[in-house]
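Novice: In this note's numbering, the protein residues as written are 1263 to 1593. Think of the CB as a built atom: it goes at the ideal place given N, C-alpha and C, for glycine as much as any other residue. Bear in mind that the values here come from a model prediction, so they are computed numbers and not experimental data. Sharing a structure, written as structure tokens. Questions coming.
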Amino acid sequence: MLEDRTIAASSPTPWPAAYPKGYAVVDVETTGLARDDRIISAAVYRLDARGEVEDHWYTLVNPERDPGPVWIHGLTSEALEGAPLFADIAEEFSSRLADRVLVAHNAVFDWQMIAREYARARCEAPVRQRLCTIALSKELGLPLPNHKLESLAAHFGVVQRRAHHALDDARVLAEAFRPSLAAAAAGGVRLPLLECRPLTEWSDRPVPRQPSEGYGGYGGYRPGSWRPSRKRPACPYPNPGRYEAGKRLKQGMRIAFSGDTSVDRELLEDRATEAGLHVATSLSRLTSLLVTNDPDSGTSKVVKARQFGTPVVDEAAFGQLLADVEPADGG
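See below:
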């Protein structure tokens, strides 16, 4: 019996079978926060299924443009001049990401920046799921004063050496993610995994920066608000009401988008506008339709859509609807 108890005591803690088999903890530094900004450095810590570090990797990237807020990331044009282009490191980056869940702090930002760089290089990142450590900390109910990386690090006693340096930020996040993952496994917590959709169409049209636009935790930046709004002409048609399943879209309908799209969001919104639809930046009771590929994501727009009973379709269905939009009354 003593032998049996010894074996039981030394057995590893049961691990949820549905959990991913590996993770790529990622941080990228960029020239800014807009859709036309570029990656200037990237780091990846590869972790196994239980969060143990396997290796790490770091590279500078020449953005072929002004490096942006040097006072934050410290990377000058001189420092980046001899760095490889993103197309030159795309294959190595892919080998670090392949068959793993991308983990990042405010992961939608890192993922969108990475997806755009791959689209410019005319290839796709081998990533199908992402995990945001902000979302995970909420699932775990961690008593954090805010959702900054430094607060998550302090909670787990992780010391930051060089803030806004991709390699050190990735290290700090990996060290904070490991106990978070262990706590989730021990509590049987469902990991907040979201789908990553590579961009299939891309336009590098610049987006004007807003005077109040901040960067990376400075100047009023909020997680999820990095994408600046784009001024569009007013829709000339009245709102005919909500979309009804099985029927056509009608000019004037208010369309909102949420989450990743395979086609660059700006292009998709342009097509909706050209078809005579009203592209809305928020969701209200007047919204005719919400387009999202992640109906279970829990974003504010998805939650409001449920509350208001707003119809929801995915990107593929919306693309088909766009091909045959009904003219406005009297049009």
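Comparing C-alpha positions only, which one of LEU1551, GLU1577, ALA1585 sits nearest to PHE1570?
Specialist: LEU1551
Novice: With a cut-off of 8 Å on the beta carbons, I'd call GLN1391 and VAL1363 a contact; round off their distance for me.
Specialist: 5 Å
Novice: Would you mind giving the Cβ-Cβ distance between ILE1334 and HIS1426, rounded to the nearest angstrom? I have them listed as a contact below 8 Å.
Specialist: Between HIS1426 and ILE1334 the Cβ distance is about 5 Å, and since that is below 8 Å, they are a contact.
Novice: I'd like to check one pair, GLY1284 with ASP1317: are the Cβ atoms closer than 8 Å?
Specialist: With respect to GLY1284, ASP1317 sits apart: the two C-beta atoms are not nearer than 8 Å.
Novice: For the ligand SAH, I want to know if ASP1532 counts as a neighbour, meaning its beta carbon is within less than 7 Å of at least one of the ligand's heavy atoms.
Specialist: No copy of the ligand SAH appears in this structure; indeed no ligand is present at all.
Novice: Let me know if ASN1408 comes out buried or exposed under the rule of 16 or more other beta-carbons within 10 Å of its beta-carbon.
Specialist: exposed
Novice: Does GLU1379 pass the burial test, meaning 16 or more other C-beta atoms within 10 Å, or should it be called exposed?
Specialist: buried
Novice: What is the DSSP secondary structure of ALA1360, counted as helix, strand or coil?
Specialist: Per DSSP, reduced to three states, the secondary structure at ALA1360 is coil, with no helix or strand assignment.
Novice: If distances are taken between C-alpha atoms only, which option among GLU1291, ARG1510, VAL1541 comes closest to GLY1588?
Specialist: It is Glu, not Gly, that sits at residue 1588 in the sequence shown. Of the listed residues, the one whose Cα sits closest to GLU1588 is ARG1510.
Novice: Taking only the alpha-carbon atoms, compute the straight-line gap between MET1375 and ALA1432 and give it to the nearest angstrom.
Specialist: Take the alpha-carbon of MET1375 and the one of ALA1432: they are about 16 Å apart.
Novice: Can you tell me which of the three DSSP states GLU1386 falls into?
Specialist: Here GLU1386 sits in coil by DSSP.
Novice: Going along the chain, which residues of its own chain have a beta-carbon closer than 7 Å to the beta-carbon of ARG1533, five neighbours each way excluded?
Specialist: Cβ neighbours of ARG1533 beyond the five flanking positions: LEU1584.
Novice: When burial is assigned at 16 or more other CB atoms within 10 Å of the CB, is SER1339 buried or exposed?
Specialist: exposed
Novice: Considering only C-alpha positions, which residue in the set VAL1564, THR1572, TRP1464 is nearest to ALA1383?
Specialist: Taking only the C-alpha atoms, the option nearest ALA1383 is TRP1464.
Novice: Are VAL1575 and ALA1567 touching if we call contact CB-CB under 8 Å?
Specialist: Against a cut-off of 8 Å, the Cβ pair of ALA1567 and VAL1575 comes out as no contact.
Novice: Would you check if there are 3 or more beta carbon pairs closer than 8 Å linking the stretch 1435-1448 to the stretch 1494-1508?
Specialist: no
Novice: For the beta strand (DSSP E) holding GLY1284, just list the boundary residues, first then last.
Specialist: 1284-1292
Novice: With 16 as the cutoff for other CB atoms within 10 Å, does SER1442 come out buried or exposed?
Specialist: buried
Novice: Excluding the five sequence neighbours on either side, which residues of its own chain have a C-beta within less than 7 Å of the C-beta of TYR1307, listed in chain order?
Specialist: VAL1287, VAL1315, HIS1318, ALA1432, ARG1433, ALA1436
Novice: Start and end of the alpha helix (DSSP H) containing GLN1582?
Specialist: 1577-1584
Novice: So, ALA1537 versus ARG1516, is the Cβ gap smaller than 8 Å?
Specialist: no
Novice: For the putative contact between ALA1428 and ALA1341, defined by C-beta atoms under 8 Å, what is the C-beta separation to the nearest angstrom?
Specialist: The pair is not a contact, with the Cβ atoms about 13 Å apart (cut-off 8 Å).
Novice: Give the range of the beta strand (DSSP E) segment to which LEU1511 is assigned.
Specialist: Where LEU1511 is concerned, there is no enclosing beta strand (DSSP E), given that its DSSP letter is neither H nor E.
Novice: Excluding the 5 residues preceding and the 5 following HIS1417 in the sequence, name in chain order all residues of the same chain whose CB lies nearer than 7 Å to its CB.
Specialist: Here the set comprises LEU1404, LEU1406.
Novice: Output the distance between the C-alpha atoms of HIS1540 and THR1549, rounded to the nearest integer angstrom.
Specialist: 9 Å
Novice: Are there 16 or more other CB atoms within 10 angstroms of the CB of ALA1578, so buried, or fewer, so exposed?
Specialist: exposed
Novice: Out of ALA1507, ALA1345, LEU1322, ARG1327, which has the shortest C-alpha to C-alpha gap to GLY1294?
Specialist: ARG1327
Novice: Can you give me the start and stop residues for the beta strand (DSSP E) that LEU1456 sits inside?
Specialist: 1455-1457
Novice: With DSSP collapsed to three states, give me the class of VAL1574.
Specialist: Assignment of VAL1574 by DSSP, reduced to helix, strand and coil, places it in the strand class.
Novice: Would DSSP call GLN1569 helix, strand or coil?
Specialist: helix
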